[in-house]
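Each residue of the sequence shown is one higher than the one before, counting from 773 in the working numbering.
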Amino acid sequence: MYHFMSTRYVCILVLITILLIPLALAENEVENNKELEVGMVAPNFTLKDETGTERNLTEFLGKKNVVLAFYPKDFTGG
Numbered sequence: 773m774y775h776f777m778s779t780r781y782v783c784i785l786v787l788i789t790i791l792l793i794p795l796a797l798a799e800n801e802v803e804n805n806k807e808l809e810v811g812m813v814a815p816n817f818t819l820k821d822e823t824g825t826e827r828n829l830t831e832f833l834g835k836k837n838v839v840l841a842f843y844p845k846d847f848t849g850g
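Written as structure tokens, this is what we have:
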């Protein structure tokens with residue numbers, strides 16, 4: 773009987789942990805999605821360029837202007 777109850781408590785603990793993980797991640801995501809204001813430094817990020825090479829924003833710091841353009845529904849394969 774003791775083994776059954778300890779297994780039951782472990783299962784409940786695991787279930788509670790699994791349910792709380794998305795909540796913790798969602799709260800962190802909200803903090804990271806702050807809107808930038810004029811003059812603020814943009815956060816560093818990494819994206820693939822047109823050749824598939826990964827580029828990050830700090831590569832261009834002090835060198836060039838950076839334009840980030842998205843084309844939703846442009847019917848391309850990429």
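A virtual CB, placed ideally from N, CA and C, is assigned to each residue, including glycine.
In three-state terms, what does DSSP make of residue i?
i, result
"Thr825", "coil"
"Leu819", "strand"
"Phe842", "coil"
Quick check: the Cα distance between residue i and residue j, rounded to an integer number of angstroms?
i, j, result
"Thr830", "Tyr843", "23 Å"
"Val802", "Asn828", "Per-residue confidence for Val802 stands at a pLDDT of 46, beneath the threshold of 50, marking its modelled position as unreliable; the derived number appears in the next sentence. For Val802 and Asn828, the distance between alpha carbons rounds to 23 Å."
"Cys783", "Asn816", "40 Å"
"Leu791", "Met812", "36 Å"
Do the CB positions of residue i and residue j come within less than 8 Å of each other?
i, j, result
"Lys820", "Glu826", "yes"
"Phe832", "Val838", "yes"
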